[in-house]
Amino acid sequence: MMMQSCQNACFAPTECVGIGELAKQALIAEVTLTPKPGLVDNRNTGSHTDLTVNLMLRSASCLAPFFAEMAQVALGQPVSVWLREQIGAIGRNAEVAMMATTQGVNTHRGAIWALGLLSTAAMVTDSENKTAERLCALAGQLASLADRHAPNTFSKGKLASNHFQVNGAKQQAQLGFPAVTDHALPTLRLSRLRGHSETEARLNALLALTAHLTDTCVLSRAGLAGQTHLQTRSRDILALGGVSHPQGYALLEQLDADMIALNASPGGAADLLAATLFVDWVEHSELSK
Numbered sequence: 002m003m004m005q006s007c008q009n010a011c012f013a014p015t016e017c018v019g020i021g022e023l024a025k026q027a028l029i030a031e032v033t034l035t036p037k038p039g040l041v042d043n044r045n046t047g048s049h050t051d052l053t054v055n056l057m058l059r060s061a062s063c064l065a066p067f068f069a070e071m072a073q074v075a076l077g078q079p080v081s082v083w084l085r086e087q088i089g090a091i092g093r094n095a096e097v098a099m100m101a102t103t104q105g106v107n108t109h110r111g112a113i114w115a116l117g118l119l120s121t122a123a124m125v126t127d128s129e130n131k132t133a134e135r136l137c138a139l140a141g142q143l144a145s146l147a148d149r150h151a152p153n154t155f156s157k158g159k160l161a162s163n164h165f166q167v168n169g170a171k172q173q174a175q176l177g178f179p180a181v182t183d184h185a186l187p188t189l190r191l192s193r194l195r196g197h198s199e200t201e202a203r204l205n206a207l208l209a210l211t212a213h214l215t216d217t218c219v220l221s222r223a224g225l226a227g228q229t230h231l232q233t234r235s236r237d238i239l240a241l242g243g244v245s246h247p248q249g250y251a252l253l254e255q256l257d258a259d260m261i262a263l264n265a266s267p268g269g270a271a272d273l274l275a276a277t278l279f280v281d282w283v284e285h286s287e288l289s290k
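Going by the working numbering, 103 is the number at position 102 of the sequence shown; the sequence numbering is gapless.
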């Protein structure tokens, strides 16, 4: 089943293969962005003992054909329950392939969900105008449809979402990724306009996410105190003008140490940073022309 999935993706139209490549590059850009608070990067493995940069790079490469296949299935199709179930099946195949590649380590389950929806949204019939905001809205419509074949699985994120009565990854997607459209994308664009380096712009976008997102990955490990600390420090850095300010960068390095000490990692924000970069690149690529 997985081999067939990869073969189908290899024969996808060029633009669908391109979507898969952009999704892969977004995952690579996220993991190699340094420094990040409590997350794997080129400096350390954050609050993770089972993850490395190389492991996550292998996982990203493994997933590219599945994102391409989702785009191919969506080509010329409207948003529908049929399409939602098709990409759900591909996404579950992607998880199996990921686990085989990483020997059972969950590297990108949340990213498969977010980037899978967005890869699909990039190719549905009413996505000719491929603005980042439009892709997020279409992905929200897809996420709001039921997949009768989806298993009722357990995750720490779901447990934290239920315990603290907050929205998780599923609800964020169903709402059209407001953390991306309302916070990360505007911050990314503003940082670029101000002449910040691309690394600084991406770090500021991540901080915009950690400043506003209720991250169930953090809640599950460090509770409300850890979540509050992450949001407060992220806002402090942004108030200084972001990481291009020497004090802001120093605070980011301290926040990384703080999150490691709390054994907390904003994995939800990491997934949404990859989603932010993906929709930004699609909007500005030849695919949107």
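All residues carry an ideal CB built from backbone N, CA and C; glycine is no exception.
Sub-7 angstroms separation of residue i and residue j beta-carbons
i	j	result
residue 65	residue 92	no
residue 184	residue 209	yes
residue 151	residue 280	no
residue 24	residue 120	yes
residue 263	residue 224	no
residue 275	residue 27	yes
residue 125	residue 273	no
residue 238	residue 252	yes
residue 131	residue 284	yes
residue 256	residue 234	yes
residue 142	residue 80	yes
residue 69	residue 18	yes
residue 211	residue 189	no
residue 169	residue 229	no
residue 59	residue 102	yes
Where residue i sits in the DSSP three-state scheme
i	result
residue 164	Caution applies to residue 164, whose pLDDT of 49 falls short of 50 and renders its modelled position unreliable; the model cannot decide the point.
residue 171	helix
residue 285	coil
residue 257	helix
residue 106	coil
residue 279	helix
residue 265	coil
residue 94	helix
residue 186	helix
residue 39	coil
residue 25	helix
residue 176	coil
residue 146	coil
residue 99	helix
residue 86	helix
residue 16	helix
residue 191	helix
residue 181	helix
residue 135	helix
residue 31	helix
residue 126	coil
residue 112	helix
residue 151	coil
Selection from the options that minimises the alpha carbon distance to residue i
i	options	result
residue 53	80, 106, 82, 71	106
residue 95	67, 226, 172	67
residue 108	239, 56, 274, 203	56
residue 115	136, 126, 131, 100	136
residue 118	101, 73, 235, 240	73
residue 39	148, 45, 110, 266	266
residue 270	81, 18, 31	31
residue 244	261, 86, 195, 175	195
residue 90	147, 277, 176	147
residue 296	278, 282, 254, 277	Nothing can be reported for residue 296, as the shown portion of the chain is limited to 2 through 290.
residue 191	177, 242, 143, 138	242
residue 149	29, 82, 231	82
residue 33	112, 203, 286, 230	203
residue 50	206, 218, 77, 261	261
residue 144	213, 103, 232, 87	87
residue 100	77, 63, 249	63
residue 153	171, 139, 140	171
residue 206	214, 85, 236, 186	186
residue 176	139, 193, 110	139
residue 179	201, 197, 213	213
residue 127	104, 113, 75	75
residue 268	104, 78, 84, 113	113
residue 37	277, 77, 200, 78	200
Considering only residues of the region 197–252, which uninterrupted alpha helix (DSSP H) runs meet the minimum length of 4 residues and lie entirely inside it, listed in chain order?
199–213, 217–240
For the region 47–80, which segments carrying the alpha helix (DSSP H) assignment without a break, of at least 4 residues, lie completely within its bounds, in sequence order?
54–75
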